[in-house]
Amino acid sequence: MTGIRLTAPAPGWSIDADVVVVGSGVAGLTTALRCAAAGLATVVVTKARLDDGSTRWAQGGIAAALGEGDTPEQHLDDTLVAGAGLCDEAAVRALVTEGPGAVSRLIGTGARFDTTEAGALALTREGGHHRRRIAHAGGDATGAEVSRALVGAVRSAALRTIENALVLDLLTDAEGRTTGVTLHVMGEGQHDGVGAVRAPAVVLATGGMGQVFSATTNPPVSTGDGVALALRAGAEVSDLEFVQFHPTVLFLGAGAEGQQPLVSEAVRGEGAHLVDASGTRFMLGQHELAELAPRDIVAKAITRQMRLTGTEHMYLDARHFGAEMWARRFPTILAACRAHGIDPVTEPVPVAPAAHYASGGVRTDLWGRTTVPGLYACGETACTGVHGANRLASNSLLEGLVFAERIAADIVAAGPQERGPEPAPERADGQDPAPAPVPLLAAESRTAVQRIMTRGAGVIRSASSLAEAAERLEALGRTASASGTDAEDAAKDAVPGVEAWEATNLLLVSQVLVAAAREREETRGCHWREDRPDRDDTAWRRHLVVRTGPDGRPVVSRTRDAAFPPVRPGAPADPAGPTDLPNHPAEAPQEPQP
């Protein structure tokens, strides 16, 4: 354990549970529902409302071998190719073999996917897929439908939820085992101020960290809170250098910052073309799949063409779809484009890459267990090894489903755990010895972090750009330390609160990302080093594992090869599988809901 925590008031209240799930996307709610169905007292903590996470922004769909002639083996092959040599094949095999059943169970929960006239699931293609295997809902509103179904199931099951709550830090006992979390409930929550949920199992499903960059498809809540918490708790993270920049994000101007509208890869899957200002399809000849190449390849090609032509964006041309198809298949994207004065029915859509998805995160095994006993991670917060150096399109929702079920299986197999004695009143958080508080960044430093990261660690990186980013992030950290030692400055610049905690989390995950990117001296997947343009399997077909040292600085190490070491030597490897949970629905595919 690091003994490092955010500067925050001591918890003023606490509640007990068997499991606390932090996050309300597909990963978190699936885990919570499965644990609750097995009779475990389960609490869901979420930063905003239950339906405000990243899941609802997912447009394209969920990938699984559901179509005629498709197989899990083919899905595995496409995933391994996209992952550029760093996927954990065992994790991918679990994903693709358990995926179809997990989607069927999601349908059983109430999710309604688009169907053909014959009543079968309507499937599309996206980048990197050689078959149509993307199930979608509402045309291009898959995440919203998945979120609706799961939130409805959570409310029907009367799970205890704490909304509008930012998780702060992990609680542990003297042996370093998880005992719960501290959290701050904002104005509309069930409690006021800082409190604690005491539980022997904590599941981090807090989503991504796209807000470390100025322009991202991620919502404002995606500030890397789960990864930062895990690092402070002593957990290992991996593959954080592999940030996927979505190739086709609606270009709103060179100075646009914050969440940007996504133009789903499914638009290209249905036949849209990438062109430059002259109308030339520049992806032809660059990859066998042209516009449907894996995302890292498309993002790099767009960036190269922008450099070559001296422009700030390229275009996505789907005028040949016609008005009816745009309205039926992509109503969300059509509305977003028109809201910004662009009509894709009659003109090409300006697009440019923007930060989209973190392929790395808190390192886990095949059952979601991290290097800290009792702490699990799932979804975009986690690094299961499924994505390798570049996520295959629409594997993210599937990963959340499959590994959420696996985490629930592991927790249920362990049975109810003792919560230990109540902490002494003067140590209401249960920690001993008292951890060192992390000096907080001023709230306005969030923008500074984002601009540093965009300039130095964006789509294109180099030794010099990353060194500059590291130096500037270090300087920001020193300002926090300075204010933390000066009472007047601390009161003025870094008052404990949501904005300061988020900025501080962003700084930590940014420093770890940059440290890993500096270490990996090659180009692989979505990590593009212009000074090291070649992929080097001999030296670099291995993972970078990062932990936080006692001084709060990142400590980077390399694995011996592409395989991850065990998260905890001696931990049981084969708990009951997902199909052994109580009240498990039938494995046979169910009829999709119209």
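Quick note: the sequence shown uses my numbering, first residue 1, plus one each step.
The C-beta atom is built at its ideal place from N, Cα and C for all residues, glycine as well.
If we ignore side chains and look at the alpha-carbon of each, how far apart do A603 and A463 end up?
Absent from the structure is residue 603, since the part of the chain shown begins at 1 and ends at 594.
Which of the three DSSP states is assigned to Q259 in this structure?
Translated into the one-based positions of the sequence shown, residue 259 becomes position 259. Note: Q259 maps to strand in three-state DSSP.
With three or more beta-carbon pairs closer than 8 Å as the criterion, would you say the region 154-172 touches the region 126-142?
No: fewer than three Cβ pairs fall under 8 Å.
Shortest alpha-carbon distance to T31 belongs to which of R568, D296, E399?
Within the sequence shown, numbered from 1, the residue matching residue 31 stands at position 31. The candidate whose alpha carbon is nearest that of T31 is E399.
Spatial neighbours of I407 in its chain, beta-carbon cut-off 7 Å, leaving aside the 5 residues before and after
Taking the first residue of the sequence shown as 1, we reach residue 407 at position 407. Closer than 7 Å at the Cβ level, and outside the excluded window around I407, lie T31, V203, W367, G368, Y376, C378.
Would you say A393 and G128 are within 8 Å of each other, going by their C-beta atoms?
Locating residue 393 in the sequence shown gives position 393, counting from the first residue. Locating residue 128 in the sequence shown gives position 128, counting from the first residue. Yes, Cβ-Cβ distance for A393 and G128 is below 8 Å.
Between the CA atoms of A299 and R524 - distance to the nearest angstrom:
Within the sequence shown, numbered from 1, the residue matching residue 524 stands at position 524. Within the sequence shown, numbered from 1, the residue matching residue 299 stands at position 299. For R524 and A299, the distance between alpha carbons rounds to 13 Å.
When the Cα atoms are used, what is the spatial distance from L150 to L33?
Reading the sequence shown from its first residue, position 150 is the one you call residue 150. Reading the sequence shown from its first residue, position 33 is the one you call residue 33. Note on geometry: alpha-carbon atoms of L150 and L33 lie some 8 Å from one another.
Given T309 as reference, the closest of G279, R232, V459, T370 once Cα atoms are compared:
Counted from its first residue, the sequence shown places residue 309 at position 309. It is G279.
State the Cα-Cα distance for the pair T7 and M209, rounded to the nearest angstrom.
Locating residue 7 in the sequence shown gives position 7, where the first residue counts as 1. Locating residue 209 in the sequence shown gives position 209, where the first residue counts as 1. Roughly 21 Å separates the two Cα atoms.
Where do the N-terminal and C-terminal ends of the alpha helix (DSSP H) with D225 fall, by residue?
The residue given as residue 225 occupies position 225 in the sequence shown. That run of the alpha helix (DSSP H) goes 225-232.
CB contact flag (R363, V567, <8 Å)
Residue 363 sits at position 363 when you count from the first residue of the sequence shown. Residue 567 sits at position 567 when you count from the first residue of the sequence shown. It is a contact, given that the beta carbons lie within the stated cut-off.
DSSP state of G180, grouped into three classes?
As a first step, residue 180 must be located in the sequence shown, where it is residue number 180. G180: strand per DSSP, three-state reduction.
Between which residues of its own chain and D77 is the CB-CB distance below 6 Å, once the five residues before and five after are set aside?
As a working note, residue 77 is residue 77 in the sequence shown. Excluding residues within five positions, none has a Cβ falling inside 6 Å.
If distances are taken between C-alpha atoms only, which option among I107, E126, R520 comes closest to A120?
In the sequence shown, the residue the question calls residue 120 occupies position 120. The shortest C-alpha separation from A120 is found at I107.
Using DSSP with H/G/I as helix, E/B as strand and the rest coil, what is G683?
In the structure as shown, the chain starts at 1 and stops at 594, and residue 683 therefore has no counterpart that could be examined.
Helix, strand or coil at L289 [DSSP, three-state]
Working through the sequence shown from its first residue, we reach residue 289 at position 289. Under the three-state reduction of DSSP output, L289 falls in the coil class, being neither helix nor strand.
A409 to N390, Cα distance in whole Å?
For the purposes of this step, residue 409 is taken as residue 409 along the sequence shown, with counting starting at 1. For the purposes of this step, residue 390 is taken as residue 390 along the sequence shown, with counting starting at 1. Approximately 28 Å between the Cα atoms of the pair.
Are the CB atoms of E241 and A563 nearer to each other than 8 Å?
By one-based count along the sequence shown, residue 241 stands at place 241. By one-based count along the sequence shown, residue 563 stands at place 563. No, Cβ-Cβ distance for E241 and A563 is not below 8 Å.
Every unbroken beta strand (DSSP E) within the region 313-363, with a cutoff of 3 residues, ordered by chain:
Look at the region 313-363 and you find these whole runs of beta strand (DSSP E), each 3 residues long or longer: 314-317, 349-358, 361-363.
Express the C-alpha separation of A64 and P72 in angstroms, rounding to a whole number.
Position 72 of the sequence shown holds residue 72. Position 64 of the sequence shown holds residue 64. Answer to the nearest angstrom: the Cα atoms are 8 Å apart.
What's the C-alpha gap between G25 and T206?
In the sequence shown, counting from the first residue as 1, residue 25 sits at position 25. In the sequence shown, counting from the first residue as 1, residue 206 sits at position 206. Roughly 8 Å between the two C-alpha positions.
I'd like to confirm the pairing. Which residues does DSSP put opposite D16 in its beta bridges?
Taking the first residue of the sequence shown as position 1, residue 16 is located at position 16. Under DSSP, D16 takes part in a beta bridge, and its partners are R198.
Run through DSSP, which three-state label would C526 get?
Looking up residue 526 in the sequence shown gives position 526. Three-state result, C526: coil.
Min CB distance G456 to chain D below 8 Å:
The structure shown has no chain D; it contains just one protein chain.
Let me check understanding here. Comparing Cα to Cα, which of G85, T79, A290 lies closest to R93?
Walking along the sequence shown from the start, residue 93 turns up at place 93. Considering only G85, T79, A290, the residue with the shortest C-alpha distance to R93 is T79.
Is H356 buried or exposed, if buried means 16 or more other CB atoms sit within 10 Å of its CB?
Looking up residue 356 in the sequence shown gives position 356. Result: buried.
Spatial neighbours of G152 within its chain, please: C-beta separation below 7 Å, excluding the five flanking residues on both sides.
For the purposes of this step, residue 152 is identified with residue 152 of the sequence shown, where counting begins at 1. Spatial neighbours of G152 in its own chain (CB-CB distance under 7 Å, excluding positions within 5 residues in sequence) are listed in chain order as G110.
Measuring only the C-alpha atoms, how far is D192 from I15?
The residue labelled residue 192 in the question sits at position 192 within the sequence shown. The residue labelled residue 15 in the question sits at position 15 within the sequence shown. One C-alpha to the other measures close to 13 Å.
Does DSSP put L159 in a helix, in a strand, or in coil?
As a working mapping, residue 159 is identified with position 159 in the sequence shown. In the structure shown, L159 sits in coil (DSSP, three-state: anything other than H, G, I, E or B).
Given that a residue counts as buried once 16 or more other Cβ atoms are within 10 Å of its Cβ, and exposed if not, what is E502?
By 1-based counting over the sequence shown, the position of residue 502 is 502. Counting Cβ neighbours within 10 Å, E502 comes out buried, since at least 16 surround it.
Can you give the Cα-Cα distance for A339 and A354, rounded to whole angstroms?
For the purposes of this step, residue 339 is taken as the residue at position 339 of the sequence shown. For the purposes of this step, residue 354 is taken as the residue at position 354 of the sequence shown. Approximately 19 Å, taken between the alpha carbons.
Just the Cα atoms here: how many angstroms apart are T485 and Q450?
Counting from 1 along the sequence shown, the entry for residue 485 is found at position 485. Counting from 1 along the sequence shown, the entry for residue 450 is found at position 450. With a pLDDT of 44 at T485, under the threshold of 50, the modelled position of this residue cannot be trusted; read the value that follows with caution. As the crow flies, the alpha-carbon of T485 is around 25 Å from that of Q450.
Nearest residue (CA-CA) to G101, options R558, V512, F403:
Taking the sequence shown and counting its residues from 1, one reaches residue 101 at position 101. Between G101 and the set R558, V512, F403, the nearest pair of CA atoms involves F403.
Could you round the C-beta distance between V386 and A27 to whole angstroms and report it? I think they count as a contact, below 8 Å.
Numbered from its first residue, the sequence shown carries residue 386 at position 386. Numbered from its first residue, the sequence shown carries residue 27 at position 27. The C-beta distance from V386 to A27 rounds to 12 Å, too long to fall under 8 Å, and the pair is not in contact.
Where does G602 fall in DSSP's three states?
No answer is possible for residue 602: the residues shown for the chain start at 1 and end at 594.
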